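Counting along the sequence shown from 1, when you hit position 1 you're at 1480 in the numbering used here, and nothing is skipped either side. The beta-carbon is built from N, C-alpha and C at its ideal position, and this holds for glycine as well. Keep in mind the model is a prediction, meaning the values are calculated, not measured. In what follows, a single structure is set out as structure tokens and then discussed.
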Amino acid sequence: MQDLMRLALNAAKQSGEDVPIGAIIIDASGEVIASSANNRELTSDPTGHAEIVAIRDASNKLGDWRLTNCTLVVTLEPCVMCAGAIQAARIPKVIFGAFDEAVGAAGSRYDLLRDEKLGQQVEVIGGVLKEECAELLERFFQDRRS
């Protein structure tokens, strides 16, 4: 899992002016089929979260909106919008790094990924390389403030 999170961290470092969040999607064999970073600033698109971009890329690559044999690995706990996209794409497993106490929707603030009322429950593993993931974000915001 740590190797996968390092790939997501590398993607996050490609975010340019955006908040450095990275995501990868792997298939059942462990092959990376999508890798992305936040791109809201670059695209002027409020849905340009790393998870959404990765889901779009993986769906295009596979030719199917159902990602039922895939795992999403992301450096920050998904927000409500991303949790909805994960549910819609039928992704069965999510691994994330840093917890997001303010708006996290995978257990911190909300728990949409495991909410029985929303359909399938997603397996969630949080806190993988959480210090490294959180440090990348902290440095970004410190630089922005100074």
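Check, Outcome
"Looking at the secondary structure, which residues open and close the alpha helix (DSSP H) in which residue 1602 lies?", "Run containing residue 1602: none in the alpha helix (DSSP H); it sits in the beta strand (DSSP E), 1602–1604."
"Check each candidate in 1495, 1496, 1556 and name the one with the smallest Cα separation from residue 1587.", "1556"
"If you scan the segment 1549–1574 from start to end, which runs of the alpha helix (DSSP H) of 4 or more residues do you find wholly inside it?", "1559–1567"
"Residue range of the alpha helix (DSSP H) that residue 1500 falls in?", "Taken as a continuous stretch (DSSP letters only), residue 1500 belongs to no alpha helix (DSSP H), as it is neither H nor E."
"Does DSSP classify residue 1607 as helix, strand or coil?", "coil"
"Where does residue 1577 sit, in a helix, a strand or coil, going by DSSP?", "strand"
"Tell me the residue span of the alpha helix (DSSP H) that contains residue 1532.", "1529–1541"
"Which one of 1508, 1563, 1569, 1523 has the shortest CA to CA distance from residue 1545?", "1569"
"Since residue 1577 and residue 1616 are thought to touch, with beta carbons under 8 angstroms apart, how far apart are those beta carbons, to the nearest angstrom?", "6 angstroms"
"Using 8 angstroms as the limit for Cβ to Cβ distance, is residue 1613 near chain C?", "In the structure shown, chain C does not exist; there is a single protein chain."
"Taking the alpha-carbon of residue 1623 as reference, which of 1489, 1485, 1491, 1496 has the nearest alpha-carbon?", "1496"
"Quick check on residue 1479: buried or exposed, where buried means 16 or more other Cβ atoms within 10 Å of its Cβ?", "One cannot answer for residue 1479 here, as it falls past the ends of the chain, which runs 1480 to 1625."
"Hey, would you say residue 1562 sits closer than 8 angstroms to residue 1585, going by beta carbons?", "yes"
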